Structure formats: structure tokens, C-alpha cells
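Participant: Take the sequence shown: its letter number 7 is residue 7 in UniProt numbering, and every next letter is one higher.
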Amino acid sequence: MSSNKASFFTRLRRLCRLAVWLFKTGKNLRGIDGGCPESRNRAVIELGRGVLAALDIGLEVGRPAPEHPNGVLVAANHVSWLDIFAMSAVYPSSFIAKQEIKSWPVLGKMGQNAGTVFINRNSRRDIEPINRAVCETLQRGQNVSFFPEARTSSGLGLLPFKAALFQSAIDAGAKVLAVALRYYDETGKRTARPSYADVGLPTCLWRIVSMKKLTIRVDFVCVADAAESEDRYALKDKIEESIRAVVADDADIAV
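1. Compute the beta-carbon to beta-carbon distance between residue 86 and residue 205, rounded to the nearest angstrom, for a pair I have assumed lies under 8 angstroms.
2. Rounded to the nearest angstrom, what separates residue 148 and residue 248 at their Cα positions?
3. Which residue comes first and which comes last in the beta strand (DSSP E) that contains residue 244?
4. In angstroms, rounded to a whole number, what distance separates the CA positions of residue 221 and residue 202?
5. Nearest CA to the CA of residue 160: which residue from 78, 62, 5?
6. So what does DSSP say about residue 67, is it helix, strand or coil?
7. Find out if the Cβ-Cβ distance for the pair residue 215, residue 184 is shorter than 8 angstroms.
8. Does the distance from the C-beta atom of residue 168 to that of residue 131 stay below 8 angstroms?
9. From residue 7 to residue 62, what does the alpha carbon distance come to, in whole angstroms?
10. How long is the line joining the alpha carbons of residue 70 and residue 49, rounded to whole angstroms?
11. Are the CB atoms of residue 142 and residue 88 nearer to each other than 8 angstroms?
12. What residue range does the beta strand (DSSP E) around residue 223 cover?
13. Go ahead and label residue 166 buried or exposed: buried means 16 or more other beta carbons lie within 10 angstroms of its beta carbon, across all protein chains shown.
14. Less than 8 angstroms between the beta carbons of residue 81 and residue 54, yes or no?
15. Quick one: using the 10 Å Cβ neighbour count with 16 as the cut-off for buried, is residue 227 buried or exposed?
16. Work out the CA separation of residue 42 and residue 25 for me, nearest whole Å.
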């Protein structure tokens, strides 16, 4: 009977490739947040694609991103630390991430270099200044991505969205792009193994490299005009409902 896990050699090879790639790339990311938008976007795309390639992770785009100007607030469901790299590979932006990631080895420093904004989700005092900063970033024409669930889920459903950070899109008069992320194993079935909802980063990484095959599917679900929303709660509800419908689509076959 064949194992449904990658060989030990394959796991080590993936980890070594990731370590080498992150070491080389981390130095190149220094200061890119202050560079021109085109150079920054190229660097962010290469970052996302490079991490996925090092780990042998496939990437599929279901519903493509619609044509729209820059300065878009991107909202996605949150499953794994891989979410950021999958989204960066196809839609470069700055990210809003939880404070804990800032202290992660290598990845935290790379996030800082790439312009990630780290916030304490448990502190209401952080929300207002973050909204102002995001609003200014959107008005400069730079995309900003965030995870309104505020923490990771199994990826087989959605946690309730938080409305607070949607205010930045309303203040900036920006568009909001809804993105659905789903993870599939070697059999083509949904999987929760890449989630770090209940494990730490080392365990999550080992689970990922142990999979025979992992594919991330990115669907750009819809675009909402924040200016047409009654308030941030109505905007949040629209985005949440659109993502929930896609995430739940084939979750019944999950393993």
C-alpha cells in the first residue's frame, strides 16, 4: 500500500530549498517598500512564487482578478501562513498581519521588509491609526490585503468577519476585492492540513512538507465599491457572504 505522505528525503529537500531561497531572497527585500511601485510589485510576486516553488506547492487561479485600478483593499479568508505567498504570487500588495508574525524567524523580518503592517487585534487602540495608515496607502494607489477573520480557520469554512478595517476603504473611497482561498491534496480533495489554527509554525511547516502534493486555489470572487455601502458593517457582510459561498462550495469532500 502506497503512503499518502512524501518521503523523508522529499521533506528534507523541500525544507533545505526553502531555507536557501529565503536566505537569498531576504537580503534582496531590504528597502523594497520605499522603491517604485513596479519594482516593489515584481519583488513581491517573485517572493510569493519562490516560496511556493521551493515547497513544491501548486497554484491555481479559478476566477481571475477583474480589471480595476490600483489602490484596492483586498479581503481574504485566512487558512495558513501560505496565504500571504499565494496571494502575493498573483496579486501583489502590502499586508496587514497579526503582531505574532513579526517575531517569527526569517518570515517576520521578510514581512517587515515587504511593507507588512503588524497589528495587535486585541487592542482597539491599534485600529484607528491602522485605518488611517491603510487609507493613506490606498489613496497613494497601493493595494493592501488583510484577513478579516482576524485568525486562521481550518479553511473548510469561515469564521465571522471583523468590520473595523473595512472603514479604511470607505474613508479612501476605494474598491474592495474579495478573495477565496482553498487548499487541495494529491487526490484533489479539500484539506485542512496546511492550517495553523491549532498548531505552531514548526508543526504546520512539517505537515506541509510531508504532503505528497498540495495545491492552493485562489478565486477573485467579486469587487465592491466601498462608496456605495451604507457603512463598514454592510460592506463587511457583502464581502463575507461572497467568500463564504465559494469556500463552502466543495468543503463536504474535505479530508
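All C-beta atoms in this analysis are idealised placements derived from N, C-alpha and C, irrespective of residue type, glycine included.
For clarity, every value in this text was computed on a predicted model and none was experimentally measured.
Facilitator: For this structure:
1. Between residue 205 and residue 86 the Cβ distance is about 15 angstroms, and since that is not below 8 angstroms, they are no contact.
2. Rounded to whole angstroms, residue 148 to residue 248 spans 17 angstroms at the Cα level.
3. Careful: residue 244 lies outside any beta strand (DSSP E), inside the alpha helix (DSSP H) at 232 to 247.
4. Each residue's Cα considered, the two are about 32 angstroms apart.
5. Of the listed residues, the one whose Cα sits closest to residue 160 is 78.
6. DSSP places residue 67 in coil when its eight states are reduced to three.
7. Contact annotation: residue 215 and residue 184 have beta-carbon atoms nearer than 8 angstroms.
8. Against a cut-off of 8 angstroms, the Cβ pair of residue 131 and residue 168 comes out as a contact.
9. If you take the alpha carbons of residue 7 and residue 62, they lie about 30 angstroms apart.
10. Between the alpha carbons of residue 70 and residue 49 lies a gap of roughly 21 angstroms.
11. Residue 88 is positioned such that its CB atom lies no closer than 8 angstroms to that of residue 142.
12. Per DSSP, residue 223 belongs to the beta strand (DSSP E) from 214 to 225.
13. Residue environment analysis places residue 166 among the buried positions, since at least 16 neighbouring C-beta atoms fall within 10 angstroms of its C-beta.
14. Judged by beta-carbon spacing, residue 54 lies beyond the 8 angstroms limit of residue 81, meaning their Cβ atoms are not closer than that value.
15. Counting Cβ neighbours within 10 Å, residue 227 comes out exposed, since fewer than 16 surround it.
16. Distance between residue 25 and residue 42, taken at the CA atoms: about 13 angstroms.
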